[in-house]
Amino acid sequence: MTRGSNGALLCYNQKFYENPGYKFTIADTVGSGDSFLATLIDRLLNKKNPQKAIDNACAVGALVAQNHGANPKISTKQINNLITRSL
C-alpha cells in the first residue's frame, strides 16, 4: 500500500515491511506510482529481500517524481544514494 510522501507498507508472506518515504522536491508525479509498482514487482519476483524491495520501490518512485515526465533516466547509483542518505 503506497502512502504518498509517507512511503509504503508491504505485507509479504504474512509479515509487514515498511518504508517511511524519502524527502525530496516534487517536479511531476506522472509515472512515479507505476515506477514504484514495477520496481516492487521486479524485486519480489527476483527473490530479493522484501525490505530491500520496498526501499528500492520507494526510492525509484521518489526519483521519478523529482523529474519532469514519466520516464526519466535513473541510475542504480542514484537509487542507492537516496536509500543510503536516508538511513
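Residue numbering for the sequence shown follows this note's numbering, beginning at 27 and increasing consecutively.
The C-beta atom is built at its ideal place from N, Cα and C for all residues, glycine as well.
Exposed or buried, which one is residue i when buried takes at least 16 other CB atoms within 10 Å?
{"i": "S58", "result": "buried"}
{"i": "N45", "result": "buried"}
{"i": "L35", "result": "exposed"}
{"i": "I105", "result": "buried"}
{"i": "Y38", "result": "exposed"}
{"i": "T28", "result": "buried"}
Please go through the same chain and pick out, in chain order, the residues whose beta-carbon is closer than 8 Å to the beta-carbon of residue i, but skip the five residues on each side of it.
{"i": "T51", "result": "Q92"}
Given residue i, which residues of its chain have a CB within under 7 Å of its CB, disregarding the five upstream and five downstream residues?
{"i": "G87", "result": "S58, G59, S61 and F62"}
{"i": "Q77", "result": "Y43"}
Please work out which residues of its chain come closer than 6 Å, Cβ to Cβ, to residue i, disregarding the five sequence neighbours upstream and downstream, and give them in chain order.
{"i": "L70", "result": "A79"}
{"i": "A96", "result": "V56 and G57"}
Would you please state the rounded distance, in angstroms, between the beta carbons of residue i and residue j? I believe it to be under 8 Å.
{"i": "T65", "j": "A83", "result": "4 Å"}
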